[in-house]
Structures are given as structure tokens and as C-alpha cells.
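Student: Protein chains in written order, with this note's numbering: chain V, 881 to 1703; chain F, 881 to 1703.
C-beta: ideal position from N, C-alpha, C; glycine also.
Because the structure is a prediction, the values reported are computed rather than measured.
Take a look at the structure:
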């Protein structure tokens, strides 16, 4: 190794006196002592949470019986997070800041919970965990203990909007909180493990979407403590120069605070944080005074400290502090090895609990005075309990956007392009309270009308070409980056802090954020159990570019399985809607935007469609969520021969066409047409609040008639939802079966047997009583199908009658007129 | 705007003469002409694919009837990709390189397909698409046309291992191909849209895991064409300085090639690519000669050209080239607007098809000579058809690692730690052919024994602490980065190029890569339909840290739903195994490692478990995939009263304990114990090749007896798999129902009713004939459950008898001895 190389390595080791970009010693000797006492008190609490169930203040010698039987929790990242949090408190007080803390590193709860406890917030919301020895004991015992709280910043943690159970979303969540929150600074700890994830690695680019006039600021602190569970981290093992350049390249101004020695580190952190706050305020003032938004090189901090900072350097001959062994429970033999117990006791006593918590078992008023008070405490900022701040959207009347449906099944219009006008006016009415997110697909998804009310946020450079339909603006309301993770993270942060929004995405690629949406479902589900949490606006996900119109993009673009993922989440929080036409889409979306604490998933095609329901009918249908469509049925309220059911707009179209085909062959057939908008209507009412009772089910589906169910997604999902239903064996479901190629829509449907011909043949197959007539009709249908498929194959497009089709066709119309079903 | 700012903007606009980091003019005037002719021929083919179904060489004036009815395809990124590809050909020839091309930008197929056609590979594998006018017509028509090939580099594309249907994986895939492939250079185009995704943004760090001695090199070309579908790209709108620093920060040496003017761009690209190749070879030589691996600043190229380069700058008054309007079909009115048709014709003729393809409709030998020949052609490199190169693993005999099970249900051992020894020896036996990937969880997953055979690859800096159990080495065989995306991408690239491997991950966070695994499933499924593709080794995913042992980490760590995602994929390619014990785990993994073209998902807990089967029994059980366990059954081959079924190791344990509890109350009960290893045994044989016939099903489950099925994952999945089965209404499934907290294992199980007591009570509830005896037993079980739960709540751990439990307990043993079931 060369000397240069050795020097480069020394430069990235987290030891010795503080090395920092920002110089200065803003703290007096007394202040340093106070901050260090506060630091020690916090570290003591962190260890107490991990280890102690009794003897919380070590007023007795530490014994095995005081230690939790199973010790759980993570110490490694706590010191650095606490250090950052408490030094920021000084600036909150000094500059009267509105601030929030986002804890990114995994299992970082001891840091944030200890701060909430010392600030008094914890005892306010959980009076049993009071600031006295008895309360501290309960506070310690509950941590990572059955029936207690987890080792993440879970919903039970005051001040938290970000659990960190799954890693990688701290930066995008933080940005979500500050959009349209001009006074807010979200101080965000980023773990260096987390920083290796893809979602985090791209979220640094969020500054290209932040306007210093109307938005607040995110102050990231990359916590380079060097190790993950059992490995070094990438960013801690590259040269100082590379690391600095990486953040310059991401558009940030990195300020380094590196070292271990306490006193100099206090000074360095205090000076650096203050410099960052001043810089943020300077940029904001400049932009706000001039009215000219710009993208400054926003400040961020790289805090390099030993992992498990302040822990013993070695225990039992192995590195602890400054190595990955301090990641989780730092000393593991305390209940079996007396020497380990002793080491722990000495370590804990080194934090001076007796002096710092005194007789009353609480920190002195002088130390407490280091914290802000009331809602200025980061643990009490109402932004972290966004429901408190949320105001309902100013909604235009969705009925005003109705598609005119004079005759059911005869109007063709684009449901999505029509919905775009409603969405545009929501954006117009709520200029600081609603954002639309999308991974560069909003225009492709036929929602471009929204740009009339709010362009796309863009803080990158502008070119002259942008005037030619670029729709970019620093004050935009639509946010587009080709990262579903970033869009979703922004939206989560935005709604958790009390605002509203929607993500629009192609259906196939929404799986990219399966796990993020899962985690959000878990978060809002758990919030329902936390008394002081107020419900937040729903997370709305609109999926389009649906599987049945991805024939031409092929197999990679065909996956409707996000619904399966959603169906596994708690019924308290998930809702799935598949509006069959444009008026239903309006009605459903209106409902979603008014709802709270749900994840609403809406699936709707963006291509032109036959429209079926008037606005009044649509409202009634969507309110019920499922229903018989009498205008497409011929059972006239009697026992039907057959039920043709559908769910999803393209699927409904084919199902209706199949009814039409069947009636051309069998004019007397009593067909009942059932349509499903609200997918959870199918499930038993004991399993989801929207579920039908069996009685209601039978009234729609009967117990013994064949049901041909054309479903938007994978067919098995319907079976999973209906397995308990009476007559479930009669349900014959068609849907996407992972059979795709480069196709026309008809070919794709035939491949998966969801086309009108297949459905009609399915129906005949399930009515053996039709006998020879059935066989003849089946042959005719098969021929029609083959002819249509051949046409498609030859011309590369489907025959006109498939897309121009309206209901009912002439042959059937007369018969329905006789039944008084159509006029 | 200041002048400086204006200058900064000009610097990042893709116009004018070439600006490049590397200077030099390596091409003669004649060479430039030749390369430009080749470029034009390629561009002509790209447009032809998008537009033409007839008149392929424009030998007649272009008419509407020559144009495809529906034009599909993307032109925007083709010119830059072609430009890169063909200039690299010069270096393949000059330096006799072994090279592969990965096309990252979405819908980039015209670029790669045109090259495969000009190199002759396309006609070799698809003789109908010959190099003559008739073949060209077929070649054009098939593109993005029903029954033809898609607009991505789909499996039908020779030379492709990366489809690019979903974006973000080009760099990780590329690295996967070069690990243990020291001679290979994978030239990788990265789209600037794609570069915004999280997976791509973190994959740049892959250099910290690449050893220049044993691995090849990736040469990324970031293609800054400035726009996505309808938006500018982030990286194209930051300053030149920031962009440069970003890549320095990522550890690369960026070389810029920017501009539009053709002649200077040819020179710049030729010089720059050559410089990069020389640098790569220099670093490799240095490391290989010295035997000392190091991490150089690997070269990469930033190619900034106008989007739709060489297209008309404006059409109908709107920007085309150099703007997002050239993204997809560049001129859209050709079939309706004669002026558009004319514009297209002029544009296409500008590429001089008559001169370049001549009378025979093929490029001249002189132009063809610009391409390498045989397997040196990137479109013919066997690495892209990895099955050709794959050699089976040298497998140790898994039986040698058997856990000794003298008495079924009485041995306790960690199945995972035991499997680790087998895995270690696979790594030992296959030092260049197998890699283990994991997101920093390998040690936590109890697989640390593998480090004895291969440490963790690490090309970052080393600290002295690493000696204390760091297990790092530049020559490691285990690859850990905290990015599931990167691990999965590396592994996909590694196996698609013909090698073997496994990803180990916590179960809850595998959802992070749902979409990637979906896409891999689609890739290998489609490969089955491509005649010349040879099967590749399977993608093996081992999931541990399973839901039932995530009680203490809480709700965010509980999600067993990856199986639902997998179940939706094509039955041709997906396999799911849940081995109930350690010997089954060995047998299953042995099978997976020997298999081809599957995605094998194996779920197994890492904690100590009761062991049930001897190796012989395990082999038999796993071979069948499902079976009756006679040693835990009391039906003695007769009609049972009850079937206790289970799938998953923890679930099996509880199910057996429930049998034991039931027998203590009802010694005469005829219980049949059925265990499922291979999940797809449950599905009907017409739906999956592993599925049981109904006859086989009935032999196991009967048609009319109650079945209490304890399932590892969400219970509904079993219903989805079994809805067609006779007697499906008798299946009562328990599984995870999204009910979690900070719990003990028992509490978590009780919450979801998967614990032994709940299962036993479920069984009683379904046997009304037990009458009062049932009610009494039920009460007793309830009391036991409450007592155990209380203990757990109080102590924070479960009572010993739950984990130390062995089968059968004393009370039952005697009765079984009478039945000769146990000795």
C-alpha cells in the first residue's frame, strides 16, 4: 500500500478529533457540557430500552433478573441520530424553525423514542410512560417487547411519518412532507446501508423538483457509520473525494462532520447544522424576495462516526464500537456471562444515570431547556400526524363532467380523457393541497388536460424546445420522474403530512412498488390502532395502460397482478375499483378523493370505450359496487338461465358482446348481466367490510346457475375471493392467464379466452340443455372467431366491428324491444 | 439569465460539432464515409421496421398502402445506439474482443435488430428474413406486428440477454454477464430515462464488486438523448459539471461525446471508444500481471446526441429531432396526411437505400466488412444464449449432509445452518461458476458457513477491523449489497450468460423485486418458444427470516405474499417449495441447483426446528412433493376422520403439535397427516405440470372429510389453488392474515389462528360427531392456549414446551405404540 493510499484510508476512518468542512466553535464550554449531558442521557435511555425490564436507573447493582429475557433492538445507529436530533433542537429554538425528523436507518427507534421521551411528548401521549422511575421502567420494558412497540419509528412513535421497517424511502418521504409546506425543514437521517438501495440512490435527485418559493427544505444527514448488519457500506469505503463528488453530482453541497472525539464533534455538528440552516434560509429568502425560483446547491451533511459510537471499542477481544458488531444488541452474553453483564453495567453507568436523571428520575429543567417546547418539538410537530392538518379537497361536482349517454352501449368516448377534465379542475381548486404524480406517463395516460391547471414541476434547466408543448414550470402541480419509487415516496410523504394526491401509472409496472404500497398499507392499518393518530387522506393509485390494451407492447407489459398483492393487505385499508365506463370512473374517483386512510386502487383503460351508464345510473351502480344491469339482461327479474358477469372495462365490453351473440342464437335465453365495480363486494362480508352477505350474493348470482365471469386480472383472484360462496362451483372465470405475444387486442383476448366468442362458447358449454342448438351455435361462433382472428393476423388490426360495436346489435334489438328492455 | 448561465445551458445542448473529452481523429476520410453509410443503412432499416409492410427498398414511390395500418415502434433512441454499436465493431475487429451488447433504453429494438440483420445473424436464425428485398419485407413487416417481434430486445433477438421491457436493470444485468468472464466486455447502453430509476441509480456502484483479474468489464454508454416519453430527463438538464462529478462520485471515469454534426461525431466516438477499450485492457493487464486486484476508475461514456438524431428537425411546425416528439413513431400522419407521407419518404430516401442496398437488396461486402464475423459478432456471442455455455454444477452428494433423525420429531436442529454446509461445498466445487447473492443478510440467514469456501466480494477499501470476522476478499464468491434489485440483476445476468447461483433474502422484503422476478419469468417463458435458445440454469431464490419468526420485528417484517406473485406466472417456469425440515431442504435445493429454466422459490426458516424425516424419507417425500406422513397419522391406511395438512416448516410443526393435542383427547381418532413440499401439487394437473390428478388428490384428501390445512403464507392462496378440487368446501385453511404486532411466536400464531391450539379447536369444530367430548376438549385446549399466551405476554418469550416440544408427547406415545406406529 502506498503512503498516499494509506492517507486516503485514514481520511475515511471515523476516529480522532472532528474534521469538518464548516469551521467554527459556536458552543461555550458550558453548552458543550450540557449537550453532552443530554447526549449521555439519550444514550442511556437507548441502552435501557434494549436491555432493562427492571432497575431502570441502576439504583441497584445490575443483576441478570433486571435484563429482558430476550433482548431485542439495535444500538448501532442511535448515537449519530441522537447527536443530530439534539443539535438541531438548538437551531429550532434559535431560529424558531418548523421542523420534522425522519429517521432513515433501519431499526433506529431507540434514537427517536429517547428524544420523544426527553422532550416530554412520549409521556403526554402515553401517560403511563411518565418521566419518573416507574414510568421509565414501563418505557424500557415495552420496547421490542411483546405487546409493546417495535424497533422502528412505528406509528406509535410521536413525530414519525416514516417507520423505516423497509429501507430506502427516507429521502422521498421527506420531500413529500415539504412540498407546499414552505416553512418546514425536514431533517432526514439517511442510513449508509439504506443509501445502497435503488429507491434511495435516485431520490437524491428530488431537488430537481423542489421550488424554494412554495416548498420547504429537506436537510439530509447521511449517517456514515460504516456498517450494515454484517458488512461495510459502500459509501463508507470509497475515497473522500469520490464521496464528495457524488453529492456534488447529485446537486447537493455536502458538508462533512467526521470523527469521534466528543467535544470537537459537538462544536463541528453545531456549527455545521447552523451553517446549513442559514444557507437554506438564505436561498429561500432570495427566491421568495425575488419571486424567481431557482435550484440552489442545497446543503446536506455527511456525518461519519463510529458505528455504536461511545460503546466500548472492544468486548471479549472483538471490535464493538466502530464495527458491525455494534449493529444490534451490542453485548449479547449479559444473561449468561457475568463478565458481559459487568461490562454492560460499567458502560451504562458511564452515562451517569444517577446524576443526569437525579432523584426524580427525570432530566433537569436546565437540560430539558435544550429542547423546544409545544409543537416546535420535532416529536410533536402536527405535520407528523397529518390528519390533524388535512382539509378536505374543494371538489368540483363530478356530475358536471358526465359523459352524455343517451342510449346505453351506443356512445363511444375515452373515459380517461374525460376524467382528466375533472382531475384538472380538482387541481385548479386546490392549488396548494393536491399533487398528481406519474413516472412520465401522465400524457400517455390521456390525462394531459391537467396541464391546463398545473404544469409539470421542473427545476432543471429549460431549453427553447420546451415552449413547444413541454408543459414545464417551477410552479407545476404534476410531478414526473421515471421512478415509480420516487413518485410513490413523494406521494406517501405528501399525504401522511395531510395533503391529497394521486399516482397514475401503467398497470404492468406498478409491481415495481409492490413492497412500498404494502408498507404504506401496514402503516395506515397500524395508525388505526393508535388513538392519537388522526386519519390521513387516502393514497390513490390509478392504473391504466391495462393488460388488454398491451397487446402491441407484448408480454413484458402484461401483468394485472397488483390486485393480488393489494388483496392480501388488511381489509381495513384496501379498496379496489374497476369502473366499467366513464361515468363510473368519475363517480369512483370522486369517492376516492373524499376518502381517508385507504389505499384506493382504480383500474381503467385509457382507450376509447363504449359507454353504458348515465350519470345517475353510474352513481347508483358505484354506490352499490355490484349490480344487475337490467338494460343488458333478459331475465326480466325472473330466475335466469345464465349469469354473464364482468369486472373491468374491457372485460365488461366483451361480456356484453357475448350476451349479444348469445341472444342472436337464443333469443329466448334468460340472461342476467351482473357487473362488478367494487372488487371486494365479491368477498364474504365477514372478511371485508364491503363484502356481500350470502343472501345478497344469491340474489345476484343464484346458487345453481352457471356464471361466466369475465375478469380484468388473473382469473384465480375471483376464485380466491369467492371460494366460500354458495354455488361457487358454478363460477367459471376468464381472465389473463399469462399468455401473450405481439398481438392485436382480439388475438390477446382469444389467447386468454376472454373474447366475446370464447365467452359465448363457454356459456353454451355450461348449458347442456341447449343440446343440438347449442352445438350449432357453438360452431357458428367458432367460425366467427376464426374469421375475425384471421383478419387480425393478416391486417395487424382487429376488424372494425369489434371496436365499433355497439349494444345491442340489430338482430337482438327487436327482441329486446318486445321485452320493453330497449326503446 | 446571466451569460454564464446561458453558456452552461449551451454546454448541455446536443447540437453542433462534436465536443469530446478524448481528442483524436482515428478514422480516415474513407472510413468515415463507410461508417456513415453503415449508419444510414441502419437508420433506414429502423424506419422501415416502424413503417413499411411493402415496398421495402422504396423502389417505387411511397404510397399509403405500403405503410403498416397501425405503426408501432420507437425511433428516438435508435440512432445513438446504432452509432455506438457499429463503432464498437471496429474495436472488436481491431483488438479481437469478446463483446456483448446490452440495450438499456426502452423500446430500443430497431437499433439492435437492424445490427443483427446487417451482421447476418438475423437471417441465419430466421432464414425467411433473408438479406434480399423479399426477406427485408418480411423483416420489416414482422416488427411490432401481430405474430411478430416486439419493440424491445425480446428473446427472439439474437445477441440479447436483456429485453428492456421494464427499465432499470441494464447495468446490473451487464455486470452479471462479466463476473467470472474475464475476457468479456459488455457494452451497455443506458437510457437517460432508465437512469432515473432506483435500480439503475444504485447499480453504478457495481464496480465495488468487480475484480479486474477474474472478471471482465462493463463499458456503459449513458445515452443522453434528453427526453423520455413526454418529459426531459433529469441527467440531461443538470450542468455539465454536475454530471461529470456524479460519475466521478460513482467511481467511473466519464468520457463525453456530445454533438450532432456527423463527421466530427464519428471521429469522436471512434476515438473515445478506442480509448476506453485501451484503458480497460490496461487495467486488466496491470491487475492480472501483478496478481493484485484493484478498483480502477473504470471508463464510461456519456453520449449526448439529439433524440431522434438525423430525423427532420421540425415537422408540421413542431420540433421532432432533438425533442420528445421523436420518441416513438416520429411522424404520425403518414396514412392520413399526404404531406406527412411525403416528409417520411424524403427522410427515408435521404438515407440512400438504393445506393446502400443496391440491386440485391443487401449492403455491399465492403460495408459488411465493418462487422466482425462468426461469434465475434455481438449479435452472435454465445454468452447471450447462455445455455450453450452452461455446464452443470459439480454437486457434492447432498445425502452426505443429512441430519441424523433417529426418531422422527425428536431431533432439534437448524435446517438452514445445516444446508449452509452443502452450499459451502457447492461453492468450493465450482469456483468460477456459482455465486451466492444477498442483500447483507447471508450471515443473519445462518449461511455464514459459506464464507469458508468463498468470502464476500469487496473491492472497496479495507480497514484493520475487517480482520476481525469481516470475511471480505477481492476473490470472494458471495456478493452482498443492500439492494435486492442489484443482487437480483447481477444474478439474472450471471445465469442468463450460463452460470449458476442463488439469491438469499428475508421473506418480507423480497416483494422489493416482485417486478424484476416477474420479468425474468416472462423472459425464460418466452425463450422456450424460441427454437435456437438453449435452456439456462434456474434462478434460485431462498427466502428465510420467515413471517412466523418475525414476531419481534413486527408488522413491517411480515409478508409472505411473494408466493402469490409467483403463482400468477406461467406454470412452465415457476416452482415453489416449502421443505418441512432440514433433510427436505437439502433434497429440494439439490433438485433446484440441477434444474434449468425455472424460477425456484424455496421458503425455509432459519431457526432451530424439530426434524422429522430421515434422508431416505425426505428424498421420497420431496420426490413426490406431497404425501401422507404415516408416522404422524393414526388412520393406518383406513378412511380417516380428519386430515391435518400442512405446508411450510413452522406450519408443519404446529400442525403436528395439534395432532398430538387431539390424540391426547381422542386417542381413537383416525387422523391423517398430509404434508406439502411442492406447492403446485395442490393445483389441478391441467393447470401446472406438477399438479395432482383429482384421483391422486382424493387418495390424499378424500372427498368428504374435514381438512385442517395449516399454511405458511396467506391462507387464500390455498383456496386459489384448490378451488377446482372435489371436496374443496371441506378445506379449512389457516395462514397469515395480516395480523401482527410486537409478539412472541405463539402470540403471532394465535393472532392468526395458526397455533397448535387453534388448529386442534378448528378440527374439533369440524367434527360435530364428537359431541360433548368435543366441547370438553375444546374448553381444555382454550385454557391451555390462554395460559400459554399469558405466560408469553408476561415473560416476553414463549413457554419452553412450545419450542422444546417433540412428537409424540408421552401421553400419546403409548397409544401409538399399540398401533405399531412408533416403537
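Just checking my contact of residue 901 of chain F with residue 982 of chain F at CB under 8 Å: how many whole Å lie between their CB atoms?
Tutor: Position 21 of the second chain, counting from 1, holds the residue named residue 901 of chain F. Position 102 of the second chain, counting from 1, holds the residue named residue 982 of chain F. With a Cβ gap of about 23 Å, residue 901 of chain F and residue 982 of chain F do not count as contacting.
Student: Which residues mark the beginning and the end of the alpha helix (DSSP H) in which residue 1220 of chain V is found?
Tutor: Taking the first chain and counting its residues from 1, one reaches residue 1220 of chain V at position 340. From DSSP, the alpha helix (DSSP H) with residue 1220 of chain V extends over 1218 to 1229.
Student: Alpha carbon to alpha carbon, how far is residue 1639 of chain V from residue 1633 of chain V? Give it in angstroms, no decimals.
Tutor: Within the first chain, the letter at position 753 stands for residue 1633 of chain V. Within the first chain, the letter at position 759 stands for residue 1639 of chain V. One C-alpha to the other measures close to 7 Å.
Student: Along chain F, in chain order, which residues have C-beta atoms closer than 8 Å to that of residue 1406 of chain V?
Tutor: The residue you call residue 1406 of chain V lines up with position 526 of the first chain. Going along chain F in sequence order, the residues near residue 1406 of chain V (Cβ under 8 Å) are 1435.
Student: In chain order, what residues of the same chain have a beta carbon less than 7 Å from the beta carbon of residue 1114 of chain F, not counting five sequence neighbours either side?
Tutor: One-based indexing of the second chain puts residue 1114 of chain F at position 234. Result list for residue 1114 of chain F: 1076, in chain order.
Student: Beta-carbon of residue 926 of chain F versus every beta-carbon of chain V: anything under 7 Å?
Tutor: For the purposes of this step, residue 926 of chain F is identified with residue 46 of the second chain, where counting begins at 1. No, residue 926 of chain F does not count as interfacial toward chain V.
Student: Take residue 1463 of chain V as the anchor and find which of V/1471, V/1142, V/1494, V/1581 has the nearest alpha-carbon.
Tutor: Walking along the first chain from the start, residue 1463 of chain V turns up at place 583. With distances taken between Cα atoms, residue 1463 of chain V lies closest to V/1494.
Student: Taking a cut of 7 Å between CB atoms, which residues from the stretch 1547 to 1569 of chain F lie near chain V?
Tutor: Within the stretch 1547 to 1569 of chain F, no residue has a Cβ that lies closer than 7 Å to any Cβ of chain V.
Student: So, using beta-carbon positions, are residue 1328 of chain F and residue 1301 of chain F closer together than 7 Å?
Tutor: Counting from 1 along the second chain, the entry for residue 1328 of chain F is found at position 448. Counting from 1 along the second chain, the entry for residue 1301 of chain F is found at position 421. In this structure, residue 1301 of chain F does not lie closer than 7 Å to residue 1328 of chain F by Cβ.
Student: When the distance is taken between beta carbons, is residue 1381 of chain V closer than 7 Å to residue 1314 of chain V?
Tutor: Translated into the one-based positions of the first chain, residue 1314 of chain V becomes position 434. Translated into the one-based positions of the first chain, residue 1381 of chain V becomes position 501. Result yes, Cβ atoms of residue 1314 of chain V and residue 1381 of chain V sit closer than 7 Å.
Student: Confirm, please, whether the CB-CB distance from residue 1628 of chain V to residue 1431 of chain V is below 7 Å.
Tutor: Mapped onto the first chain, residue 1431 of chain V falls at position 551. Mapped onto the first chain, residue 1628 of chain V falls at position 748. Yes, they are a contact pair.
Student: Residues in its own chain within less than 8 Å of residue 941 of chain V by CB, not counting five upstream and five downstream?
Tutor: Taking the first chain and counting its residues from 1, one reaches residue 941 of chain V at position 61. Cβ neighbours of residue 941 of chain V beyond the five flanking positions: 1225.
Student: Can you name the residues of chain V whose CB is closer than 7 Å to the CB of residue 1439 of chain F?
Tutor: Position 559 of the second chain holds residue 1439 of chain F. Result: 1398.
Student: Is it the case that the stretch 1090 to 1097 of chain V contacts the stretch 1115 to 1131 of chain V, given that we only count it when at least three CB pairs across the two stretches are under 8 Å?
Tutor: No, they do not touch.
Student: So, is the C-beta of residue 1082 of chain V closer than 7 Å to a C-beta in chain F?
Tutor: Your numbering for residue 1082 of chain V matches position 202 in the first chain. So, interface residue.
Student: How is residue 1130 of chain F classed by DSSP in three states: helix, strand or coil?
Tutor: For this step, residue 1130 of chain F is matched to residue 250 along the second chain. If DSSP states are grouped into helix, strand and coil, residue 1130 of chain F belongs with coil.
Student: Quick one: measure Cβ to Cβ for residue 1441 of chain V and residue 1445 of chain F, integer angstroms, because I've assumed they're closer than 8 Å.
Tutor: The residue you call residue 1441 of chain V lines up with position 561 of the first chain. The residue you call residue 1445 of chain F lines up with position 565 of the second chain. The Cβ separation is near 6 Å, so the contact holds.
Student: Please identify the residue among F/1575, F/1457, F/893, F/1372 whose C-alpha is closest to the C-alpha of residue 1559 of chain F.
Tutor: As a first step, residue 1559 of chain F is located in the second chain; it is residue number 679 there, counting from the start. Measuring from the Cα of residue 1559 of chain F, the nearest candidate turns out to be F/1457.
Student: Quick one: what's got a C-beta closer than 6 Å to residue 1526 of chain F's C-beta in the same chain, skipping five residues either side?
Tutor: Your numbering for residue 1526 of chain F matches position 646 in the second chain. So the qualifying residues of the chain are 1532, 1535, 1555, 1590.
Student: Thinking just about the alpha-carbon of each residue, which of V/1682, V/1521, V/916 is nearest to the one in residue 1530 of chain V?
Tutor: As a first step, residue 1530 of chain V must be located in the first chain, where it is residue number 650. When only C-alpha atoms are compared, the closest one is V/1682.
Student: CB-CB under 7 Å to residue 1154 of chain V, same chain, minus the five flanking residues each way: which ones, in chain order?
Tutor: Numbered from 1 along the first chain, position 274 holds the residue referred to as residue 1154 of chain V. Cβ neighbours of residue 1154 of chain V beyond the five flanking positions: 906, 971.
Student: Rank V/1101, V/932, V/1516 by C-alpha distance to the C-alpha of residue 1549 of chain V and give the top, closest one.
Tutor: As a position in the first chain, residue 1549 of chain V is number 669, starting the count at 1. The option with the nearest alpha carbon to residue 1549 of chain V is V/1516.
Student: Anyone know if the C-beta pair for residue 1522 of chain V and residue 1586 of chain V falls short of 7 Å?
Tutor: Taking the first residue of the first chain as position 1, residue 1522 of chain V is located at position 642. Taking the first residue of the first chain as position 1, residue 1586 of chain V is located at position 706. Cβ atoms of residue 1522 of chain V and residue 1586 of chain V: closer than 7 Å.
Student: Going by DSSP, what residue range makes up the beta strand (DSSP E) through residue 889 of chain F?
Tutor: For the purposes of this step, residue 889 of chain F is taken as residue 9 along the second chain, with counting starting at 1. Per DSSP, residue 889 of chain F belongs to no beta strand (DSSP E); it is in the alpha helix (DSSP H), 883 to 891.
Student: Hey, which unbroken runs of the beta strand (DSSP E) at 3 residues or more fall wholly within the stretch 972 to 1028 of chain F?
Tutor: Fully enclosed beta strand (DSSP E) runs of 3 or longer: 978 to 983.
Student: Would you mind reading off the limits of the beta strand (DSSP E) that contains residue 1380 of chain F?
Tutor: Numbered from 1 along the second chain, position 500 holds the residue referred to as residue 1380 of chain F. It spans 1380 to 1386 - the beta strand (DSSP E) in which residue 1380 of chain F sits, taken as one unbroken run.
Student: Which residues does DSSP pair with residue 921 of chain V in a beta bridge?
Tutor: Along the first chain, read from residue 1 onward, the residue named residue 921 of chain V stands at position 41. In the DSSP output, where bridge partners are listed per residue, residue 921 of chain V has none listed.
Student: For residue 1407 of chain F, collect the residues of the same chain with a Cβ closer than 6 Å to its Cβ; drop the 5 residues on either side in sequence, then sort them by chain order.
Tutor: The count along the second chain starts at 1 and reaches residue 1407 of chain F at position 527. Correct list, in chain order: 1035, 1413.
Student: Can you name the residues of chain B whose CB is closer than 7 Å to the CB of residue 954 of chain F?
Tutor: In the structure shown, chain B does not exist; the protein chains are V and F.
Student: Find the residues of chain F that neighbour residue 1445 of chain V, judging by a C-beta separation of less than 8 Å, and give them in chain order.
Tutor: Translated into positions along the first chain, residue 1445 of chain V becomes position 565. The contacting residues are 1391, 1394, 1441, 1444, 1445.
Student: Would you mind telling me which residues of chain V sit closer than 7 Å to residue 1130 of chain F, beta carbon to beta carbon, in chain order?
Tutor: Position 250 of the second chain, counting from 1, holds the residue named residue 1130 of chain F. What residue 1130 of chain F touches in chain V: 1126.
Student: Between residue 1109 of chain F and residue 1305 of chain F, what straight-line distance do the alpha-carbon atoms span, to the nearest angstrom?
Tutor: Along the second chain, read from residue 1 onward, the residue named residue 1109 of chain F stands at position 229. Along the second chain, read from residue 1 onward, the residue named residue 1305 of chain F stands at position 425. Using only the alpha carbons, I get a separation of about 49 Å.
Student: Considering only residues of the same chain and omitting the five flanking positions on each side of residue 1111 of chain V, which have a CB-CB separation below 8 Å?
Tutor: Position 231 of the first chain, counted from the start, is the residue given in the question as residue 1111 of chain V. Once the five neighbours on either side are set aside, the close Cβ partners of residue 1111 of chain V are 1204.
Student: Apart from the five residues just before and just after residue 1543 of chain F, which ones in its own chain have a Cβ nearer than 6 Å to its Cβ?
Tutor: Working through the second chain from its first residue, we reach residue 1543 of chain F at position 663. Counting only Cβ-Cβ distances below 6 Å, and skipping sequence neighbours, we find 1692.
Student: Any idea what DSSP makes of residue 1724 of chain V, helix, strand or coil?
Tutor: The first residue shown for chain V is 881 and the last is 1703, placing residue 1724 of chain V beyond what the model contains.
Student: List the whole-angstrom C-beta distance separating residue 1107 of chain V from residue 1187 of chain V, where the pair is believed to meet the contact cut-off of C-beta under 8 Å.
Tutor: The residue given as residue 1107 of chain V occupies position 227 in the first chain. The residue given as residue 1187 of chain V occupies position 307 in the first chain. Yes, they are in contact, since the Cβ atoms of residue 1107 of chain V and residue 1187 of chain V sit about 5 Å apart, within 8 Å.
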